[in-house]
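Numbering (this note's numbering), first residue to last: -5 to 482. Positions of the beta carbon are idealized from the N, C-alpha and C atoms, including for glycine. Data block below; observations after.
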């Protein structure tokens, strides 16, 4: 039961093969068994989940359903969920219970989906390994010595370990796609503005985007259908019709031109990862796609531009956490200045403090023009690079990451090396484009992800190409040995 797709689960519920309560109990049991080893979940909401499952069973009996009614999932712990701790994996918000739910959470609840809890993440979504969490590092279900990726590592690990069939994530610089690649699942970062950010605790407001994480492109399409759409509460939400993503999945690939950005296939790319990517590209050619080399010459400028813009926005967004209104407050402050200093020093972890300091410096008098304004100019040029490429090709195809998942602790002492892990994903966020990562093999037992990048609002085509690839490969169906055959 735990190994079924979302569509198969929906069919099983409709045919009364099992109830939502039985399904939810099965996933809760698996999560309780595996979470002590993986640490993918921060909060498990068993009572709320079972109550929601009972309500879903009543909806199913009345035939008042959507394709997600009665199906369990988990939310990344930066989506406000009414009555549930929403911590951003930070000591700063360890005592914060959200008084309202994010639009994304509300939409999925209205569709009848069952939330079983909140997933681990890098603190305030700042990281590429899920090691920057107040609650401890999450581990990769394929290899407990490896990171699951970040910042949505808990969501990716929970899906890979069959704790849930799907989860929500957020992507500021690759934080859905990179953990999806490391954990052997499918993750989609939609176009900026396609999914509401209202109620999602911000890291970098012009870059953050919520998206679905599941085993397959077909499952991601089901999730995105419910998540996408205009939200008047979100000033960055796009007022644009949402297509029927399911109907686009089976479109043939004949005549489609896929671009290979030569800058993504250089010396930075692990040779064995390159082999898996090239094998997947050959499969796409067999399906009728045409391959053409293109150039994105400013690819290397994405890292310095991103790590000026994102920390600058974080510096502004995180200024609200001051120990006064909510969140962590230091004990016995001497005065207001002491309250601010100690509350923030105690509440924020090392990586968050580092990015706040970098961002504050970049925005300070005398440095704004030299750093922040220049980074925004580079951002525009990077976007133009992508637009030129899309004049020649329909989609871009590339590796998601330069290597498979790295070992826990191997990069924590060198932030620059950690930041370089994002070289193939950051440009997409700077340009506001949609992109998807799908599993295409393994290297030494650790999964490898293929990245598909589309023009604005081309999520349907990304899902279509990934789905067609997954119809002729089975990497998305493989299960970590940690998950016993008796469990699934």
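- Sorting 158, 134 and 332 by C-alpha distance to the C-alpha of residue 17 places 158 at the top.
- Under DSSP, residue 320 takes part in no beta bridge, so it has no partner.
- CA-CA distance, residue 80 to residue 283, rounds to 44 angstroms.
- A check of alpha carbon separations from residue 89 across 383, 317, 388 and 472 identifies 317 as the nearest.
- The Cβ-Cβ distance between residue 228 and residue 190 falls below 7 angstroms.
- By the criterion of a C-beta distance shorter than 6 angstroms, residue 333 is surrounded in its chain by 317 and 327, once the five residues flanking it on both sides are discounted.
- Note on geometry: alpha-carbon atoms of residue 341 and residue 128 lie some 10 angstroms from one another.
- Excluding five sequence positions before and after residue 297, the CB atoms of its chain that fall closer than 8 angstroms to its own CB belong to 413, 414, 416, 417 and 420, given in chain order.
- A distance of 7 angstroms or more separates the beta carbons of residue 393 and residue 250.
- Straight-line spacing of the CA atoms in residue 348 and residue 226 works out to 34 angstroms.
- Taking the Cα positions, residue 370 is about 30 angstroms away from residue 286.
- Here residue 169 really is in contact with residue 145; their C-beta atoms are around 4 angstroms apart, less than 8 angstroms.
- Assignment of beta-bridge partners to residue 437 by DSSP yields 440.
- With respect to residue 133, residue 32 sits close: the two C-beta atoms are nearer than 7 angstroms.
- Here residue 153 has 159, 160, 161, 177, 179, 207, 208 and 209 as same chain residues with Cβ atoms under 8 angstroms from its own Cβ, once five neighbours each way along the sequence are excluded.
- Here residue 115 is actually not in contact with residue 182; their C-beta atoms are around 17 angstroms apart, not less than 8 angstroms.
- Counting of Cβ neighbours within 10 angstroms places residue 410 among the exposed residues, the total staying below 16.
- The DSSP assignment places 108 to 113 as complete runs of the beta strand (DSSP E) inside the segment 68 to 120, in order along the chain (cut-off: 3 residues).
- Around the beta carbon of residue 381, fewer than 16 other beta carbons lie within 10 angstroms, which makes this residue exposed.
- By the C-beta density criterion, residue 93 is exposed, having fewer than 16 other C-beta atoms within 10 angstroms.
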